[in-house]
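Enquirer: Each protein sequence line maps, in turn, to chains P and V.
Under the working numbering, the first residue of the first sequence is numbered 1, with each subsequent residue one higher.
Under the working numbering, the first residue of the second sequence is numbered 1001, with each subsequent residue one higher.
For each residue, glycine too, the CB sits at the ideal point set by N, CA and C.
In this text, all values refer to a predicted model and were calculated from it rather than measured experimentally.
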Amino acid sequence: MNLYSEIIMDYAKLKKYKKKMNDADTVKEGANLSCGDEIKLYVKVRDGKIESLSFEGKGCIVSQASANLMIERVLGESLENIHEILENVEKMVKGEEYDKNLLKNVSIMENIRSYPNRVKCFMLAWRTLENALKELNMD
Amino acid sequence: MNSKILYKDFPILDRKVHGKKLIYLDNAATTLKPKVVVESLKDLYYFHYSNVHRGIHTLATEATNLLEDARRKIANFLNASPEEIIFTSGSTLSLNTIAHSLVKSGILKEDSKVLLTTVEHHANFVPWQRLSKIYNYKLLYAKPTGRMGAILIEDFEKFIKEEPNVVAVTGASNVTGQRLSIRRIREMFEKSILVVDGAQLVPHTKINVKELDLDFLVFSGHKMLGPTGIGVLYGKKELLEKMEPFLYGGEMIDKVTLEDTTFNILPYKFEAGTPNLAGAVGLAKAAEYLENIGMDEVENHIKELTDYAINELMKLDFVELYGPLDETQYGIISFNLDGVHPHDVAHFLDESFGIAIRTGHHCAQPLMMELSSKSRLDFPNATCRASFYVYNTKEDVDALVEGLKNVKRWLGR
Chain P
1 MNLYSEIIMD
11 YAKLKKYKKK
21 MNDADTVKEG
31 ANLSCGDEIK
41 LYVKVRDGKI
51 ESLSFEGKGC
61 IVSQASANLM
71 IERVLGESLE
81 NIHEILENVE
91 KMVKGEEYDK
101 NLLKNVSIME
111 NIRSYPNRVK
121 CFMLAWRTLE
131 NALKELNMD
Chain V
1001 MNSKILYKDF
1011 PILDRKVHGK
1021 KLIYLDNAAT
1031 TLKPKVVVES
1041 LKDLYYFHYS
1051 NVHRGIHTLA
1061 TEATNLLEDA
1071 RRKIANFLNA
1081 SPEEIIFTSG
1091 STLSLNTIAH
1101 SLVKSGILKE
1111 DSKVLLTTVE
1121 HHANFVPWQR
1131 LSKIYNYKLL
1141 YAKPTGRMGA
1151 ILIEDFEKFI
1161 KEEPNVVAVT
1171 GASNVTGQRL
1181 SIRRIREMFE
1191 KSILVVDGAQ
1201 LVPHTKINVK
1211 ELDLDFLVFS
1221 GHKMLGPTGI
1231 GVLYGKKELL
1241 EKMEPFLYGG
1251 EMIDKVTLED
1261 TTFNILPYKF
1271 EAGTPNLAGA
1281 VGLAKAAEYL
1291 ENIGMDEVEN
1301 HIKELTDYAI
1311 NELMKLDFVE
1321 LYGPLDETQY
1331 GIISFNLDGV
1341 HPHDVAHFLD
1351 ESFGIAIRTG
1361 HHCAQPLMME
1371 LSSKSRLDFP
1381 NATCRASFYV
1391 YNTKEDVDAL
1401 VEGLKNVKRW
1411 LGR
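#1: Per DSSP, residue 1218 of chain V is paired with what?
#2: Is the stretch 1295-1307 of chain V touching the stretch 1230-1246 of chain V in the sense that three or more CB pairs, one from each, lie closer than 8 Å?
#3: Please tell me whether residue 1144 of chain V and residue 1095 of chain V are closer than 7 Å, where the distance is taken between their beta carbons.
#4: Can you find at least 3 beta carbon pairs, one from the stretch 1003-1015 of chain V and one from the stretch 52-63 of chain P, that sit closer than 8 Å?
#5: Using a Cβ-Cβ distance under 7 Å, would residue 1341 of chain V count as near chain P?
#6: DSSP three-state label for residue 1390 of chain V, please.
#7: Got a sec? Which residues, its chain only, sit under 7 Å from residue 1254 of chain V by beta carbon, not counting five neighbours each side?
#8: Could you check whether the Cβ of residue 1250 of chain V sits closer than 7 Å to any Cβ belonging to chain P?
#9: Is there a C-beta anywhere in chain V that falls below 7 Å from the one on residue 58 of chain P?
#10: Using a threshold of 7 Å, state whether the C-beta atoms of residue 1091 of chain V and residue 1219 of chain V are closer than that.
#11: Have a look at V:1332, V:1140, V:1023 and V:1297 and flag the residue whose alpha-carbon is nearest the alpha-carbon of residue 1313 of chain V.
#12: Expressed to the nearest angstrom, what Euclidean distance is found between the alpha-carbon atoms of residue 1114 of chain V and residue 1295 of chain V?
#13: So is residue 75 of chain P buried or exposed if we call it buried at 16+ other beta carbons inside 10 Å?
#14: Give the range of the beta strand (DSSP E) segment to which residue 46 of chain P is assigned.
#15: Counting only Cβ pairs nearer than 8 Å, list the residues of chain V close to residue 30 of chain P.
#16: Classify residue 140 of chain P as buried or exposed, calling it buried when 16 or more other Cβ atoms lie within 10 Å of its own Cβ.
#17: Would you report the Cα separation of residue 1122 of chain V and residue 80 of chain P, rounded to the nearest angstrom?
#18: Measure the beta-carbon distance from residue 1052 of chain V to residue 1063 of chain V and round it to whole angstroms, keeping in mind my assumption that it falls under 8 Å.
#19: With DSSP collapsed to three states, give me the class of residue 1358 of chain V.
#20: Closest to residue 1099 of chain V by CA distance: which of V:1134, V:1393 and V:1307 is it?
#21: Nearest to residue 37 of chain P by alpha carbon, out of P:24, P:128 and P:84?
#22: CB-CB under 8 Å to residue 1041 of chain V, same chain, minus the five flanking residues each way: which ones, in chain order?
#23: DSSP on residue 30 of chain P, reduced to helix/strand/coil?
#24: Jot down the residue ranges of each uninterrupted alpha helix (DSSP H) in the stretch 83-119 of chain P, minimum 4 residues, whole runs only, in chain order.
#25: Taking just the CA atoms, how far does residue 29 of chain P sit from residue 134 of chain P?
#26: Buried or exposed for residue 1152 of chain V, please, with buried defined as at least 16 other CB atoms from any protein chain shown within 10 angstroms of its CB.
#27: Under the assumption that residue 1174 of chain V contacts residue 1284 of chain V (Cβ atoms under 8 Å), give the Cβ distance between them as a whole number of angstroms.
#28: Apart from the five residues just before and just after residue 104 of chain P, which ones in its own chain have a Cβ nearer than 7 Å to its Cβ?
#29: On the DSSP bridge list, what partners appear for residue 1336 of chain V?
#30: Report buried or exposed for residue 93 of chain P, applying the criterion of at least 16 other Cβ atoms within 10 angstroms of its Cβ.
#31: Quick one: is residue 1380 of chain V near chain P, going by C-beta distance under 7 Å?
#32: Counting contacts by CB-CB distance shorter than 7 Å, is residue 1235 of chain V in contact with chain P?
#33: What does a CB cutoff of less than 6 Å around residue 113 of chain P pick up in its chain, not counting 5 residues either side in sequence?
#34: Hey, how far is the Cα of residue 1381 of chain V from the Cα of residue 1046 of chain V?
#35: Compare the Cα-Cα distances from residue 1033 of chain V to each of V:1026, V:1011 and V:1019 and report the closest residue.
#36: Could you check which residue in V:1116, V:1068, V:1354 and V:1141 has the C-alpha nearest to that of residue 1014 of chain V?
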């Protein structure tokens, strides 16, 4: 049951990043229609870097832990770095070789690759971030 | 019924999941297949296979006879005549065929009214809703005012004066397991065309379409031990004869000229293209298997398990149960655990106990909204669903209850 290890459970319960942000540059909603999971991601960017990031929503342990791990990892990163991180997250869930040092703590969920049905739970926050950044780039 | 004896007919029940014996409680999604059904497919493909109709050679004749035998068996199963039995790919195509044919035939038109419920599976909801956008008929919705998504007979009564042209309702909800009283609905809407989505009803009980005076009944083979990709559309002959086909193509035609086309007789008029011969043969074998057990036996067994499970689950104070929880609930139990998301519940049950349940919105998003408004939990827009069939036992229910206690202990927040 290493998908439900103590550390992942702790990340799922983390309250630090779970809040509304009133001065966000963009707010992006994401949903997994098949399971009802929803996320609302608040993003603030300064000088090409993520200055703050928070989320609201409900979902399973996998989706909640993934959102918290994601925020912890990408805060303060440049948008360019985040693209590289996103690429490596994709590789990680697909079971391909990826840069573990780059993903840092995110790799505690590496085992998600053994559960294809749960990958979409894991990816919800990441896809929403990707969409939010696309929107910011377009502005 | 002795489910332990039936066990030997279902080889898949012997397999292990994560090292545990499989406990399969996902029967509302699809049922497992007995050996006789799989062998009927094998026998067909190995020894009698050909395309049906119009063939002169021996195999074509044998294949055609097998298809028409299957049709007669299904007709007997429902007390219909063979020409009223249309083979489709499943309930979804059956319902789409009915809705599209009714509008194409002008039977359902601008200012007509269609009465649905908000507990329908999307398959009996989206076709009517989308076609209403093009053909401008009016949709009426009976909403459940009973316990946690349960529909009361009063919820229908208020629409009698509307005189809907079509009443399209589920025979049994795939989320709450509630059986609607089709008999009462028929009496209330005597003049309406009555469409019954029997996907969760036909596998559980003997249906007599004549006695219930149904205009249309649809169901899927794979939810009653048959193969996937085969289903049935029963329609009253007088109605089917008046209706324009939904799909056009081979076999459904009579005479084709450059100017126009006339159609084949029933039921072929509604079966364009090469039919799913193997599916039909397998479905007929599944129906025979169920009749050998006895549909009353099947029904009693499933009801007994459902009542037992409701009773046991009610003892768990961290479980919220949906549906009526009364004599109308058959075969399906939807629930949530306080503080644990359904996906985590299902994952944990599978990995630690080999128990298969389904989670999600069960293709019934309008009903999820209804449950959300009544839930005392932080409702996750999804539920866990355990559903039973002939091979399930009380031991399976006990395993589920034990499993849920463990889930709560490990994952409960």
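Expert: Answer, in terms of the structure:
#1: On the second sequence, position 218 is the one that residue 1218 of chain V refers to. V:1197 and V:1233.
#2: They do not touch, by the three-pair rule.
#3: For the purposes of this step, residue 1144 of chain V is identified with residue 144 of the second sequence, where counting begins at 1. For the purposes of this step, residue 1095 of chain V is identified with residue 95 of the second sequence, where counting begins at 1. No, these two residues do not count as a Cβ contact at 7 Å.
#4: no
#5: Here residue 1341 of chain V refers to the residue found at position 341 of the second sequence. Yes, because at least one Cβ of chain P sits closer than 7 Å to the Cβ of residue 1341 of chain V.
#6: Sequence index remark: in the second sequence, residue 1390 of chain V carries index 390 (1-based). Note: residue 1390 of chain V maps to coil in three-state DSSP.
#7: For this step, residue 1254 of chain V is matched to residue 254 along the second sequence. Contacts found: 1262, 1263 and 1264.
#8: In the second sequence, the residue the question calls residue 1250 of chain V occupies position 250. With 7 Å as the cut-off, residue 1250 of chain V does not count as an interface residue toward chain P.
#9: Taking the first residue of the first sequence as position 1, residue 58 of chain P is located at position 58. Yes, its Cβ sits closer than 7 Å to a Cβ of chain V.
#10: Taking the first residue of the second sequence as 1, we reach residue 1091 of chain V at position 91. Taking the first residue of the second sequence as 1, we reach residue 1219 of chain V at position 219. In this structure, residue 1219 of chain V lies closer than 7 Å to residue 1091 of chain V by Cβ.
#11: Indexing the second sequence from 1 puts residue 1313 of chain V at position 313. For residue 1313 of chain V, the nearest C-alpha among the options comes from V:1332.
#12: Here residue 1114 of chain V refers to the residue found at position 114 of the second sequence. Here residue 1295 of chain V refers to the residue found at position 295 of the second sequence. If I take the Cα positions, the gap works out to 32 Å.
#13: For the purposes of this step, residue 75 of chain P is taken as residue 75 along the first sequence, with counting starting at 1. So residue 75 of chain P counts as exposed.
#14: Indexing the first sequence from 1 puts residue 46 of chain P at position 46. That run of the beta strand (DSSP E) goes 37-46.
#15: Looking up residue 30 of chain P in the first sequence gives position 30. Those do not exist, as residue 30 of chain P stays about 14 Å from chain V at its closest Cβ, beyond 8 Å.
#16: Because chain P spans 1 through 139 in this model, residue 140 of chain P falls outside it and cannot be assessed.
#17: Within the second sequence, numbered from 1, the residue matching residue 1122 of chain V stands at position 122. Within the first sequence, numbered from 1, the residue matching residue 80 of chain P stands at position 80. Spanning the two alpha carbons is a distance of roughly 42 Å.
#18: Indexing the second sequence from 1 puts residue 1052 of chain V at position 52. Indexing the second sequence from 1 puts residue 1063 of chain V at position 63. At roughly 5 Å, the Cβ-Cβ gap stays under 8 Å, so residue 1052 of chain V and residue 1063 of chain V are in contact.
#19: Counting from 1 along the second sequence, the entry for residue 1358 of chain V is found at position 358. Strand.
#20: As a first step, residue 1099 of chain V must be located in the second sequence, where it is residue number 99. The option with the nearest alpha carbon to residue 1099 of chain V is V:1134.
#21: For the purposes of this step, residue 37 of chain P is taken as residue 37 along the first sequence, with counting starting at 1. Measuring from the Cα of residue 37 of chain P, the nearest candidate turns out to be P:128.
#22: Against the second sequence, residue 1041 of chain V aligns to sequence position 41. Sequence-distant partners of residue 1041 of chain V (beyond 5 residues in either direction) whose C-beta falls short of 8 Å from its own C-beta, in its chain, are 1227, 1278, 1281 and 1282.
#23: On the first sequence, position 30 is the one that residue 30 of chain P refers to. In this structure, residue 30 of chain P counts as strand in the three-state DSSP scheme.
#24: 100-103
#25: Along the first sequence, read from residue 1 onward, the residue named residue 134 of chain P stands at position 134. Along the first sequence, read from residue 1 onward, the residue named residue 29 of chain P stands at position 29. Rounded to the nearest angstrom, the two C-alpha atoms are 13 Å apart.
#26: Numbered from 1 along the second sequence, position 152 holds the residue referred to as residue 1152 of chain V. Burial call: exposed.
#27: On the second sequence, position 174 is the one that residue 1174 of chain V refers to. On the second sequence, position 284 is the one that residue 1284 of chain V refers to. Contact flag wrong, Cβ pair sits at about 24 Å.
#28: Residue mapping note: residue 104 of chain P aligns to position 104 of the first sequence, counting from 1. Once the five neighbours on either side are set aside, the close Cβ partners of residue 104 of chain P are 73.
#29: In the second sequence, the residue the question calls residue 1336 of chain V occupies position 336. In the DSSP output, where bridge partners are listed per residue, residue 1336 of chain V has V:1320.
#30: The residue given as residue 93 of chain P occupies position 93 in the first sequence. With 16 or more other Cβ atoms within 10 Å, it is buried.
#31: What you label residue 1380 of chain V is simply residue 380 of the second sequence in a count that begins at 1. By this cut-off, residue 1380 of chain V is an interface position.
#32: Translated into positions along the second sequence, residue 1235 of chain V becomes position 235. At a cut-off of 7 Å between C-beta atoms, residue 1235 of chain V does not count as an interface residue with respect to chain P.
#33: Walking along the first sequence from the start, residue 113 of chain P turns up at place 113. Same-chain partners within the cutoff: 93 and 95.
#34: Position 381 of the second sequence, counting from 1, holds the residue named residue 1381 of chain V. Position 46 of the second sequence, counting from 1, holds the residue named residue 1046 of chain V. The alpha-carbon atoms of residue 1381 of chain V and residue 1046 of chain V are separated by roughly 47 Å.
#35: Position 33 of the second sequence, counted from the start, is the residue given in the question as residue 1033 of chain V. Nearest of V:1026, V:1011 and V:1019 to residue 1033 of chain V, Cα basis: V:1011.
#36: Reading the second sequence from its first residue, position 14 is the one you call residue 1014 of chain V. Minimum Cα distance to residue 1014 of chain V is reached at V:1354.
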